[in-house]
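Student: Pasting in a structure now, in structure tokens, and then I'll have a few things to ask.
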Amino acid sequence: DTGVSQDPRHKITKRGQNVTFRCDPISEHNRLYWYRQTLGQGPEFLTYFQNEAQLEKSRLLSDRFSAERPKGSFSTLEIQRTEQGDSAMYLCASSSILAGGTDTQYFGPGTRLTVL
Amino acid sequence: AQSVTQLGSHVSVSEGALVLLRCNYSSSVPPYLFWYVQYPNQGLQLLLKYTSAATLVKGINGFEAEFKKSETSFHLTKPSAHMSDAAEYFCAVSENTGGFKTIFGAGTRLFVKA
């Protein structure tokens, strides 16, 4: 295992279509995060999971967005009825909390979404 | 609430010159601080992190950063820039509770001139 992987790397879709992205974290990591990054900005937090539980969601995550991590391993992020404003890079990260340890996140390569 | 400010959206240096990327943070609790690097069309790679141990932190690729509580700063330096250092650099802060979400700065793009 060499790191966090994301699929697809690029997605072009038409406005109004649904899209789904997948993230496979580092295998021993129990926390998984989704971020959105627009051009010229740092990543913005969307949501995170500890094992299969979704513990926090940003207000950026409208009701068109849903994320799952069904078995505490891989995660999916779905965007329904895409809008042009959803065009961004979607980053996934994972981490493992050890006793007294740091929440250091390791990032995947991202999925670049373009909504036409 | 936590926040991060990176001073200068673009920094340009000559190859072999000192690199200095500035980061100031705001946190109501002792922070964890990070620097990440992002190459075009790639995810973020951790350069170094501060976790309340030594205030001078050494990272990969010859980078280091110094935590200065009195100045609420965590500036990133490298003595001699290399062409391969050209990338986007992000400073980030998270709570010193093993806590979850990390707040990122807007990034500084480093250009290295031959």
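Taken in sequence, the protein lines are chains C and D. Here the first sequence stands for residues 4 to 119, numbered as in this note's numbering. Here the second sequence stands for residues 38 to 151, numbered as in this note's numbering. For glycine and all other residues, C-beta sits at the position ideal for the given N, C-alpha and C.
Compare the C-beta of Ala143 (chain D) with all C-beta atoms of chain C and state if any pair is closer than 8 Å.
Tutor: It does: the Cβ of Ala143 (chain D) has a partner Cβ on chain C nearer than 8 Å.
Student: What residues are listed by DSSP as bridge partners for Ala91 (chain D)?
Tutor: Partner(s): none; Ala91 (chain D) has no beta bridge.
Student: Hey, could you find the ends of the beta strand (DSSP E) Glu81 (chain C) is sitting in?
Tutor: Per DSSP, Glu81 (chain C) belongs to the beta strand (DSSP E) from 78-82.
Student: Go ahead and pull the three-state DSSP assignment for Arg18 (chain C).
Tutor: Coil.
Student: Beta-carbon of Glu59 (chain C) versus every beta-carbon of chain D: anything under 8 Å?
Tutor: Yes, because at least one Cβ of chain D sits closer than 8 Å to the Cβ of Glu59 (chain C).
Student: Do you know offhand how far Phe141 (chain D)'s Cα is from Glu59 (chain C)'s?
Tutor: One C-alpha to the other measures close to 17 Å.
Student: Compare the C-beta of Thr42 (chain D) against all C-beta atoms of chain C and say whether one is closer than 8 Å.
Tutor: So no, Thr42 (chain D) is outside the interface.
Student: Any beta-carbon of chain C closer than 8 Å to the one on Lys138 (chain D)?
Tutor: Interface residue, yes.
Student: Residues in the same chain with beta-carbon distance under 6 Å from His13 (chain C), minus the five sequence neighbours each way, listed in chain order, please.
Tutor: Correct list, in chain order: Arg115.
Student: Could you have a look at Asp27 (chain C) and say whether DSSP puts it in helix, strand or coil?
Tutor: Looking at Asp27 (chain C) - three-state DSSP - the assignment turns out to be strand.
Student: Kindly indicate if chain C contains any beta-carbon less than 8 Å away from that of Gln79 (chain D).
Tutor: Closer than 8 Å: yes.
Student: How should Gly53 (chain D) be labelled, buried or exposed, when 16 other C-beta atoms within 10 angstroms of its C-beta is the threshold for buried?
Tutor: It is exposed - the Cβ of Gly53 (chain D) has fewer than 16 other Cβ atoms within 10 Å.
Student: Closest by CA to Trp37 (chain C), which one among D:Gly80, D:Pro67, D:Asp122?
Tutor: The shortest C-alpha separation from Trp37 (chain C) is found at D:Gly80.
Student: Taking the alpha carbon of Ile15 (chain C) as the point to measure from, which residue in C:Ser69, C:Gln87, C:Arg62 has its own alpha carbon closest?
Tutor: Considering only alpha carbons, the answer is C:Gln87.
Student: Which residue wins for smallest C-alpha separation from Arg84 (chain C), given the options C:Gly43, C:Tyr109, C:Phe68, C:Tyr93?
Tutor: For the residues C:Gly43, C:Tyr109, C:Phe68, C:Tyr93, the minimum Cα distance to Arg84 (chain C) belongs to C:Phe68.
Student: Could you check what DSSP says for Ser107 (chain D) in three-state terms: helix, strand or coil?
Tutor: Of the three classes helix, strand and coil, the one that applies to Ser107 (chain D) here is coil, per DSSP.
Student: So Asn61 (chain D) is in the beta strand (DSSP E); what residue range does that whole segment cover?
Tutor: It spans 56-63 - the beta strand (DSSP E) in which Asn61 (chain D) sits, taken as one unbroken run.
Student: Closer than 9 Å by beta-carbon distance: list the chain C residues that pair up with Leu70 (chain D), in chain order.
Tutor: Ordered by position in chain C, no residue passes the 9 Å Cβ test against Leu70 (chain D), which lies about 10 Å from the chain.
Student: Return the residue from the list C:Pro11, C:Arg62, C:Gln40 that minimises the CA-CA distance to Ser90 (chain C).
Tutor: For Ser90 (chain C), the nearest C-alpha among the options comes from C:Gln40.
Student: Helix, strand or coil for Gly135 (chain D)? Go by DSSP, reduced to three states.
Tutor: At Gly135 (chain D) the pLDDT is 47, less than 50, meaning the model places this residue with poor confidence and gives no usable figure here.
Student: Could you name the residues of chain D that Gly113 (chain C) contacts, counting a contact when the two beta carbons are closer than 7 Å?
Tutor: Per Cβ cutoff of 7 Å: Gly80.
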